[in-house]
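As structure tokens, the structure follows; a few thoughts come after it.
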Amino acid sequence: MSITRIGAGKRMSEAVIHGGKAYLAGFVADKAVGKSVKEQTADILSQIDATLKQAGTDKTKILKANIWLTDIGKWAEMNEAWDAWVVAGQTPARATVESKLAGPGLDVEIMVEAAI
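Structural data, given as structure tokens:
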């Protein structure tokens, strides 16, 4: 089976496609660094949409999502953006945990796996 990489870099790829699935790296805010958790989440979900499109799939085919928050007390705020984004009846399995993230101003990280 072949392996296709999207956005392959020195350390990691933005996504890896193999065996009918797209495995996305953890995405953090790009344009919304330091902004609210809701804004960061919306920024990340936009990046995920774009990467899924490059992989030949979309958010309705997400199988699993992992979400990390620096403050689990912001769970409801993150869910405001998430709930506006997901498609009713097409929601993935999901886990959300509290964790330190890689840099200042980054309060949310999201990683997904999707069927192609």
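With the first letter of the sequence shown counted as 1, position 77 gets the number 756 in this note's numbering; the numbers rise by one all the way through. The C-beta atom is built at its ideal place from N, Cα and C for all residues, glycine as well.
Cβ of residue i within 8 Å of Cβ of residue j?
{"i": "ALA708", "j": "MET691", "result": "no"}
{"i": "ILE789", "j": "ALA701", "result": "no"}
Let me check one thing: in DSSP terms, what residues is residue i bridge-paired to?
{"i": "THR775", "result": "ILE746"}
{"i": "LEU703", "result": "ALA694"}
{"i": "ALA760", "result": "The partner list for ALA760 (beta bridge, DSSP) is empty, contrary to what the question assumes."}
Out of the options, which has the shortest C-alpha to C-alpha gap to residue i?
{"i": "THR770", "options": "GLY752, VAL791, GLY699, VAL712", "result": "VAL791"}
{"i": "ALA694", "options": "VAL787, GLU777, ILE727, GLU756", "result": "ILE727"}
{"i": "GLN719", "options": "LEU731, PHE706, GLU777, ILE696", "result": "PHE706"}
State the Cα-Cα distance for the pair residue i and residue j, rounded to the nearest angstrom.
{"i": "ALA754", "j": "LEU748", "result": "Residue identity check: residue 754 is Trp in the sequence provided, not Ala. So the alpha carbons of these two residues sit roughly 8 Å apart."}
{"i": "ILE741", "j": "LYS779", "result": "25 Å"}
Check whether the Cβ of residue i lies closer than 8 Å to any Cβ atom in chain B.
{"i": "LYS740", "result": "In summary, chain B is missing from the structure at hand, where a single protein chain is found."}
Handout entry: Runs of alpha helix (DSSP H) lying entirely within the region 703-731, each at least 4 residues, in chain order
Key = none
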